[in-house]
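Step one of this worksheet: look at the structure below.
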Amino acid sequence: MCRNIRVLHNFEPPATEDEVHAAAVQYVRKVSGSTNPSAANQEAFDAAVEAVAEATRTLLEALVTKAPPRDREVEAAKAKERSAARFGR
Numbered sequence: 001m002c003r004n005i006r007v008l009h010n011f012e013p014p015a016t017e018d019e020v021h022a023a024a025v026q027y028v029r030k031v032s033g034s035t036n037p038s039a040a041n042q043e044a045f046d047a048a049v050e051a052v053a054e055a056t057r058t059l060l061e062a063l064v065t066k067a068p069p070r071d072r073e074v075e076a077a078k079a080k081e082r083s084a085a086r087f088g089r
């Protein structure tokens with residue numbers, strides 16, 4: 001599950017709220033061991049996702065780097081190349 005969490009730091013444009021939320025959902029799913037919580041656990045699951053998303057936003061705002069911002073399209077192309085080399089075309 002956590003393989004779907006992507007690097008969110010140092011991109012131009014910066015990570016969107018949707019990307020931060022998706023990463024938080026993946027993290028909470030992995031930690032909780034469930035992709036769809038029961039009705040009894042839904043509130044706790046949602047609260048955890050919101051807490052992780054907030055922590056992620058705080059982290060991304062606090063991080064500094066001297067490296068130039070990465071381009072999403074270039075990074076996606078690199079990932080596609082790695083996937084093709086690993087799994088074939």
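Under full-length UniProt numbering, think of the first position of the sequence shown as 1, with each following residue one higher. Glycine is no exception: its CB is placed at the ideal position from the N, C-alpha and C atoms.
(request) Could you say which of Glu81, Ala44, Leu63 lies nearest to Val7 if we only look at CA atoms? (result) Leu63
(request) Drop a sphere of 10 angstroms on the beta-carbon of Thr58, count the other beta-carbons inside from all chains shown, and report buried for 16 or more, exposed for fewer. (result) exposed
(request) Could you tell me which of Glu12, Phe11, His21, Ala79 sits nearest to Asp46, measuring between CA atoms? (result) His21
(request) Please list, in chain order, all residues of the same chain as Glu12 whose beta carbon is under 6 Å from its beta carbon, the five residues on each side excluded. (result) Pro69
(message) Going by the DSSP bridge assignment, what does Asp71 pair with across the sheet?
(response) Glu12
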